[in-house]
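For reference, the structure is listed below as structure tokens.
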Amino acid sequence: MSIWKRPISLDILNSTSKNTLMEHLHIVYTDISDTSISASMPVCAMTHQPLGMLHGGASAALAETLGSLAANFAVEAPSYCVGLEINANHIRPMRKGEVIGTASPIHIGSRTQVWQIEITDTQKRLVCTSRITMAVMRPTTNELQEVQSNDY
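Sequential numbering from 1 applies to the sequence shown in UniProt numbering.
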């Protein structure tokens, strides 16, 4: 049974990246299952740290991107989710290629969500493991009016 509470497709997910950090990092959503979302990110000069390896912050950005987007598609509108905490353990260095991140829920509650994000290389070797905790927000009437008046 699907956990998604809003219409979801790769086209919809990839359209959320326009003019964002995700577009700059070339993050592309690649798979949706009933309980997970996956995306890829290149490992190249743009995602390297000075020693020529994948920057831990780039891995954390991929993890937060996946966890945040998944959380927001797992709540009914007009509720939305925002990050409370993220951690990342960097397991294996990478110098080139591509990483694939997959976000899966640990807990989907009415006030919080917890997501596990596994980032692997194309040979499915673990590069980074991350966990993100999200707060489920219920907008006030004033907040709803403000959001509706903005051009998103």
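Just so you know, even glycine gets a beta-carbon here, dropped at the ideal spot from N, CA and C.
No experiment lies behind these values; they were computed from the predicted model shown.
Q) Given 8 angstroms as the limit, is there contact between the region 46-59 and the region 13-22, that is, 3 or more CB pairs closer than that? A) Put simply, the region 46-59 does not touch the region 13-22. Fewer than three CB pairs are less than 8 angstroms apart.
**Q.** Where residue 122 falls: helix, strand or coil (DSSP)
**A.** The answer is coil: DSSP assigns residue 122 none of H, G, I, E or B.
(Q) Between which two residues does the beta strand (DSSP E) holding residue 85 run? (A) 80-90
(Q) Going by beta-carbon coordinates alone, are residue 86 and residue 118 separated by less than 8 angstroms? (A) Judged by their CB atoms, residue 86 and residue 118 are not nearer to each other than the 8 angstroms cut-off.
Q.
Suppose you measure from the CA of residue 76 to the CA of residue 132; what does that come to, to the nearest Å?
A. Straight across, the Cα-Cα distance linking residue 76 with residue 132 is about 20 angstroms.
**Q.** Length of the line joining the Cα atoms of residue 15 and residue 125
**A.** About 29 angstroms.
Q | Candidates 45, 35, 120: closest to residue 91 by CA position | A | 120
Q. Roughly how many angstroms separate the alpha carbons of residue 137 and residue 67, rounded to a whole number?
A. 15 angstroms
Q. Beta carbon of residue 31, beta carbon of residue 3: below 8 angstroms?
A. no
(Q) Beta-carbon within less than 6 angstroms of residue 105's beta-carbon, same chain only, minus the 5 sequence neighbours each way: which residues are those? (A) 115
Q.
Am I right that residue 41 and residue 27 are in contact with their C-beta atoms under 8 angstroms? What's the rounded C-beta distance?
A. Residue 27 and residue 41 do touch by the CB rule: their CB atoms are close to 5 angstroms apart, below 8 angstroms.
**Q.** Where the alpha helix (DSSP H) containing residue 31 begins and where it ends
**A.** Here residue 31 belongs to no alpha helix (DSSP H); instead the beta strand (DSSP E) covers 28-32.
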